[in-house]
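Below you'll find the structure, written out as structure tokens, and then a few comments.
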Amino acid sequence: MKEVLIFGDSTARIFSLINNAKVKIFKGKSISGIIKNNDQEKKIMIEIIKKNQNFKCILFWFGLVDIHFVYYYNLINNNKKINFDQLIEKYVFFISNIKTKSKKIIISPIPNPWKDILKGLQYYGVYKKLDHNKLNNDILSKYFTKKILEKNHD
Numbered sequence: 003m004k005e006v007l008i009f010g011d012s013t014a015r016i017f018s019l020i021n022n023a024k025v026k027i028f029k030g031k032s033i034s035g036i037i038k039n040n041d042q043e044k045k046i047m048i049e050i051i052k053k054n055q056n057f058k059c060i061l062f063w064f065g066l067v068d069i070h071f072v073y074y075y076n077l078i079n080n081n082k083k084i085n086f087d088q089l090i091e092k093y094v095f096f097i098s099n100i101k102t103k104s105k106k107i108i109i110s111p112i113p114n115p116w117k118d119i120l121k122g123l124q125y126y127g128v129y130k131k132l133d134h135n136k137l138n139n140d141i142l143s144k145y146f147t148k149k150i151l152e153k154n155h156d
């Protein structure tokens with residue numbers, strides 16, 4: 003019997019290496035999608051949990067889609083930053099209200115975009131070392147361009 007149930011986007015596949023874990027992948031799923039009331043995958047998650055009350059623990063592994071697509075899209079195309087605190091608050095509320103005897107754990111691989119993502123850009127030589135505490139819109143607009151992100155991706 004599997005003891006751990008794991009829900010996540012495609013990056014959660016790494017958990018399939020754990021012998022006592024059942025992994026359910028929702029390819030390309032974002033937290034911003036999960037928190038919508040009519041989200042189909044959210045309904046699937048709830049149904050799986052209802053039918054499987056014997057798991058000791060349920061892990062939720064979502065967030066990279068929100069950073070890589072939602073966050074960057076809004077930063078680059080709309081010149082605005084997403085309020086992740088509000089997004090996470092709704093995500094935690096959804097998970098905390100799931101009826102189950104299993105322990106619920108949120109493990110979201112959400113990097114700090116001002117530190118972790120910029121460190122990655124620095125590693126690949128996109129920019130020289132900057133003081134991450136002194137970042138402002140001028141610096142961000144210089145390094146978070148579509149061209150630079152595509153170059154980094156390639």
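Residues in the sequence shown are numbered consecutively from 3, following this note's numbering. Where a beta carbon is used, it is the ideal one built from N, C-alpha and C, also for glycine. All of these numbers come straight from a predicted model, not from anything done at the bench.
Legend entry - Nonlocal neighbours in the same chain, by C-beta distance under 8 Å from Trp63, ignoring five residues either side: Numbered from 1 along the sequence shown, position 61 holds the residue referred to as residue 63. The answer, listed in chain order, is Ile8, Phe9, Gly10, Asp11, Thr13, Ala14, Phe17, Ile109, Ser110, Pro111.
Legend entry - Residues sharing a beta bridge with Lys62, DSSP: Taking the first residue of the sequence shown as position 1, residue 62 is located at position 60. Residue identity check: residue 62 is Phe in the sequence provided, not Lys. Phe9, Ile108.
Legend entry - Rounded straight-line distance, which links the Cα of Lys149 to that of Asn99: Translated into the one-based positions of the sequence shown, residue 99 becomes position 97. Translated into the one-based positions of the sequence shown, residue 149 becomes position 147. Cα-Cα distance, rounded: 42 Å.
Inset, instruction - Can you give me the Cβ contacts of Val67 inside the same chain, cut-off strictly under 7 Å, excluding the 5 residues immediately before and after it? - result: Residue numbering aside, residue 67 sits at position 65 when the sequence shown is read from its first letter. Answer for Val67: Asp11, Gly30, Lys31, Ser32, listed in chain order.
Inset, instruction - Locate the beta strand (DSSP E) running through Ile50, then write down its first and last residues. - result: As a working mapping, residue 50 is identified with position 48 in the sequence shown. Unbroken run through Ile50 is the alpha helix (DSSP H), 42-53; no beta strand (DSSP E).
Legend entry - Counterpart residues of Lys31 in DSSP-defined beta bridges: The sequence position of residue 31 within the sequence shown is 29, counting from 1. For Lys31, which the question treats as bridged, DSSP gives no partner whatsoever.
Inset, instruction - Please report how far the alpha carbon of Leu77 lies from the alpha carbon of Phe86, in whole angstroms. - result: By one-based count along the sequence shown, residue 77 stands at place 75. By one-based count along the sequence shown, residue 86 stands at place 84. Looking at the two C-alpha atoms, the distance is approximately 13 Å.
Legend entry - Own chain partners of Leu89 with C-beta closer than 8 Å, once the 5 adjacent residues on each side are dropped: Mapped onto the sequence shown, residue 89 falls at position 87. Around Leu89: Ile33, Ser34, Ile37, Asp68.
Legend entry - Contacts around Ile97, its chain only, beta-carbon distance under 7 Å, and the 5 residues preceding and following it disregarded: The residue given as residue 97 occupies position 95 in the sequence shown. Same-chain partners within the cutoff: Phe62, Lys106, Ile108.
Legend entry - N- and C-terminal bounds of the alpha helix (DSSP H) containing Tyr93: By one-based count along the sequence shown, residue 93 stands at place 91. Element bounds for Tyr93: 86-98.
Inset, instruction - Starting from Lys24, follow its DSSP beta bridges and name the residues at the other end. - result: By one-based count along the sequence shown, residue 24 stands at place 22. BP columns for Lys24 point to Leu7.
Inset, instruction - Identify, in the order they occur along the chain, each residue of the same chain with its Cβ nearer than 6 Å to the Cβ of Lys24, setting aside the five sequence neighbours on each side. - result: Within the sequence shown, residue 24 is the residue found at index 22, counting from 1. So the qualifying residues of the chain are Lys4, Leu7.
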